[in-house]
Amino acid sequence: MALALIMIGIFSEDYGVIHRFWATIFFILLLIFVTVTNIALKNHISYMRWIWYYAFISIAIDLIFMFTFSLGVRLPILEWLAVFSGLIWLGLIGYNTLKLEKPQYQ
Numbered sequence: 001m002a003l004a005l006i007m008i009g010i011f012s013e014d015y016g017v018i019h020r021f022w023a024t025i026f027f028i029l030l031l032i033f034v035t036v037t038n039i040a041l042k043n044h045i046s047y048m049r050w051i052w053y054y055a056f057i058s059i060a061i062d063l064i065f066m067f068t069f070s071l072g073v074r075l076p077i078l079e080w081l082a083v084f085s086g087l088i089w090l091g092l093i094g095y096n097t098l099k100l101e102k103p104q105y106q
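For the sequence shown, this note's numbering begins at 1 and goes up steadily by one.
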């Protein structure tokens, strides 16, 4: 996924087909990563359930974006929503991890 992001940065939208290729790879990998990670963490005792539900929102946005893009509908707002919802989910995973490491004093 990191390589796809690097290539998207190198080949901006001015490069057309090359940019679309790497962007497609990124969004497919984002979908796979969020889905697999969310399924793997579902039954973890410390995984905050509301983050699990938010991941489905992120997955749905990514799927809607990829579906509309494959139909030829270009909605940049969906692309940005897919990116930011994935980043927010990643931040929430970090928040969940931070809460796990914080010592509980009584």
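For each residue, glycine too, the CB sits at the ideal point set by N, CA and C. Note that the structure is predicted; figures quoted are calculated from it, not measured.
| query | Can the beta-carbon of residue 47 be found closer than 8 Å to that of residue 96? | reply | Their beta carbons are under 8 Å apart, which means residue 47 touches residue 96 by this criterion.
| said: Within 10 Å of its beta-carbon, does residue 31 have 16 or more other beta-carbons around it, so buried, or fewer, so exposed? | reply: Burial call: buried.
| query | Rounded to whole angstroms, how far is the Cβ of residue 26 from the Cβ of residue 1, which I believe are closer than 8 Å? | reply | By a beta-carbon distance limit of 8 Å, residue 26 contacts residue 1. Their separation comes to about 6 Å.
| How long is the line joining the alpha carbons of residue 29 and residue 99, rounded to whole angstroms? | When only Cα atoms are considered, residue 29 and residue 99 end up about 27 Å apart.
| field | Residues near residue 59 by beta carbon distance below 7 Å, same chain, minus five either side | value | The beta carbon of residue 59 sits closer than 7 Å to the beta carbons of 31, 34 and 35 from its chain, once the five residues preceding and following it are set aside; these are given in chain order.
| message | Closest to residue 65 by C-alpha separation, out of 81, 12 and 6, would be which residue? | response | Nearest to residue 65 by C-alpha distance, out of 81, 12 and 6, is 81.
| message | Counting C-beta neighbours from all protein chains within 10 Å, is the total for residue 62 16 or more, i.e. buried, or is it exposed? | response | With 16 or more other Cβ atoms within 10 Å, it is buried.
| query | Which one of 38, 55 and 45 has the shortest CA to CA distance from residue 88? | reply | Residue 88 has its Cα closest to that of 55, out of 38, 55 and 45.
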